[in-house]
DNA sequence: ATTGTACCAGTACAAATGTACTGGTAGCAA
DNA sequence: TTGCTACCAGTACATTTGTACTGGTACAAT
């Protein structure tokens, strides 16, 4: 069940749907960021296409169709990012990480957040290593 | 001079071109990752389109056309990542950073690299702050 | 009963995209 | 000089994408 890729436009709607699933066309329509408005009917079309592509399902609840996402936001994100990585960075992620935190100005808050993340990961790593050792893998 | 967006396919070629510019069609063709082969003529078409869109220029050097990228890889990357960020993460980058280092298994080496990066940034930040203070901005 | 109002399914359609064939030519091998 | 190669410009074309109109209908307000 290899889902077909999503176009740029579909992606926006897919993400919105994930975050609010289940939702009506109108709900999605209204949650559009106002910097890129879109016709109600256009949203409709995108949702229909998402369903066709297997990313969503829907039921007709007395006159109103309710769409539900069939995939987690995380999996859509993963898929999309994977594509990006393979297209631009030969599949490895560190170059992108670097790009994100080097080529763009980072705020102190973000830096702080990042630091915590790293510490946390390091901690986790240590634990994993230990338990591995314990199990004498 | 707002360059038009690049499609997924164009992006691959654009990146390849950036990395080797100037290059002939054949060179690009041969540097294609073998997991997604493509006809020579298709590469030709992509390059032509890149030129039309303003991302590349070319000259005919005695029977062979030589393409050069007109933009830095970094700016193409930036543009593409920006798009992704706005589409999937409301424009902020930390969620993507998080995704990259949390949702995907990270190796010790990568973690180490990340740690260094963070330290380096912290250092830089401190310096900046100081000089700002010195200048009594 | 009449008229809006919402929403739906279907259809439309130009532009962008992915992918490639073709006919022509210049240079080199035979 | 005759092919065979490489390469080029141009053209082709089915799909996908972006974007939206339409005609029909059910429910609500008049």
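Chains as they are written, first to last, in the numbering used here: chain U, 30 to 166; chain G, 30 to 166.
By construction, the Cβ of each residue, glycine as well, lies at the ideal position given by its N, Cα and C atoms.
Keep in mind the model is a prediction, meaning the values are calculated, not measured.
I want to verify the contact list: residues of chain U whose CB lies under 7 Å from the CB of residue 32 of chain G, in sequence order.
Chain U residues near residue 32 of chain G: none, gap ~16 Å exceeds 7 Å.
Can a CB atom of chain U be found closer than 8 Å to the CB of residue 108 of chain G?
No, its Cβ sits nowhere closer than 8 Å to a Cβ of chain U.
Which residues, taken in chain order from the region 136-156 of chain U, show a beta carbon closer than 8 Å to some beta carbon of chain G?
So the list reads 137, 139, 140, 142, 143, 144, 146, 147, 150, 151, 154, given in the order they occur along the chain.
So, helix, strand or coil for residue 96 of chain U, using DSSP?
Residue state, collapsed to three classes: strand.
Across which residues does DSSP place residue 86 of chain U in a beta bridge pair?
Paired residue(s): U/97.
Looking at the unbroken alpha helix (DSSP H) that takes in residue 130 of chain G, where does it start and where does it end?
Start and end: 123-131.
Is the CB of residue 48 of chain G under 8 Å away from at least one CB in chain U?
Chain U contact via Cβ: absent.
Do residue 98 of chain U and residue 50 of chain U count as a contact pair if the criterion is CB distance below 8 Å?
Result yes, Cβ atoms of residue 50 of chain U and residue 98 of chain U sit closer than 8 Å.
For residue 100 of chain G, count neighbouring C-beta atoms within 10 Å of its own C-beta (all shown protein chains included) and say buried if the count is 16 or more, exposed if not.
Flag for residue 100 of chain G reads buried.
Using DSSP with H/G/I as helix, E/B as strand and the rest coil, what is residue 136 of chain U?
If DSSP states are grouped into helix, strand and coil, residue 136 of chain U belongs with coil.
Are the CB atoms of residue 85 of chain G and residue 46 of chain G nearer to each other than 8 Å?
Yes, the pair counts as a contact, with Cβ atoms nearer than the cut-off.
Does the region 134-150 of chain U come into contact with the region 30-42 of chain G, if we say contact requires no fewer than three beta-carbon pairs (one atom in each stretch) closer than 8 Å?
The region 134-150 of chain U vs the region 30-42 of chain G: no contact.
According to the neighbour-count rule (16 or more other Cβ atoms, all chains shown, within 10 Å of its Cβ), is residue 143 of chain U buried or exposed?
Answer is buried; the Cβ neighbour count reaches 16.
Going along chain G in order, which residues have a C-beta closer than 7 Å to the C-beta of residue 123 of chain U?
Simply 139, 142.
The alpha helix (DSSP H) that contains residue 76 of chain U, what's its start and end?
Unbroken alpha helix (DSSP H) run through residue 76 of chain U: 69-81.
Output, in chain order, the set of chain G residues within a Cβ distance shorter than 8 Å of residue 76 of chain U.
Those do not exist, as residue 76 of chain U stays about 16 Å from chain G at its closest Cβ, beyond 8 Å.
For residue 64 of chain G and residue 125 of chain G, what's the separation of their Cα atoms in angstroms?
Straight-line Cα distance between these residues: approximately 26 Å.
Report the option in G/115, G/108, G/44, G/62 whose CA atom is closest to the CA atom of residue 79 of chain G.
For the residues G/115, G/108, G/44, G/62, the minimum Cα distance to residue 79 of chain G belongs to G/44.
Taking any Cβ of chain G, which residues in the region 87-118 of chain U have a Cβ under 7 Å from it, in chain order?
Going along the region 87-118 of chain U in chain order, one finds 103, 106, 107, 109, 110, 113, 116, 117 with a Cβ nearer than 7 Å to chain G.
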